[in-house]
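S.K.: Under this note's numbering, the first residue of the sequence shown carries the number 6, and numbering increases by one thereafter.
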Amino acid sequence: MALRAAAAARIPVAPRGLRAVFYSFSVNVPLYQPRTGPPPEPSTNLYVSGLSRHTTSESLRNAFAEYGEVLDARVLTDGLTGYSTCCGYVRYQTMEESAAGLEAMDGQFLDGLVIVAEYAKPKPRHLALEDDCPVGGCGLASVLDMSI
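(1) When DSSP labels each residue in this structure, what does Arg79 get in the three-state scheme?
(2) Spatial neighbours of Ser54 within its chain, please: C-beta separation below 6 Å, excluding the five flanking residues on both sides.
(3) The beta strand (DSSP E) with Lys122 in it runs from where to where?
(4) Do Tyr97 and Gly117 have their beta-carbon atoms positioned less than 8 Å apart in this structure?
(5) In the DSSP assignment, what are the bridge partners of Arg66?
(6) For Leu51, does the three-state DSSP call read helix, strand or coil?
(7) Taking only the alpha-carbon atoms, compute the straight-line gap between Glu63 and Asp77 and give it to the nearest angstrom.
Here it is in structure tokens:
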């Protein structure tokens with residue numbers, strides 16, 4: 006009996022419950038990974054994040070219209086629920102107006118929340134076009150024409 010007690014004293018006891026979850030993570034793992042890569046190039050399109058759920062496309066347009074002619078302003082919504090995803094896009098007529106809107110509205114309050122405005126990143130190209138393929142025939146059109 007004494008041998009069992011001595012052996013049990015030397016074996017560390019695994020934590021139970023939530024402690025097991027918290028003790029299982031390494032301390033050296035960073036919880037936040039900063040975005041890497043070059044900043045987006047200046048353009049007439051601005052990406053706006055940090056919007057309130059109550060912000061509409063019209064109120065977004067009105068807020069940015071003070072700094073130039075806004076061609077398009079839209080708040081992105083969830084396709085299933087229709088609720089705001091708290092981000093949106095603003096498109097200006099010229100680069101100068103876009104720069105003025107970015108400078109003025111970044112870090113400002115809109116509908117009770119601080120918003121972040123930055124130049125929008127271009128959409129990534131997912132499919133190779135016929136002209137871009139060095140071999141030829143590697144785009145979507147050739148895939149659809151293939152006979153199986």
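Just so it is clear, CB atoms sit at the ideal spot from N, CA and C, and this is done for glycine as well.
M.R.: Reading from the atomic positions:
(1) strand
(2) Cys92 and Val121
(3) Checking the sequence shown, residue 122 turns out to be Ala, not Lys. DSSP places Ala122 inside the beta strand (DSSP E), whose first and last residues are Val121 to Tyr124.
(4) no
(5) Paired residue(s): none; Arg66 is not in a bridge.
(6) strand
(7) 10 Å
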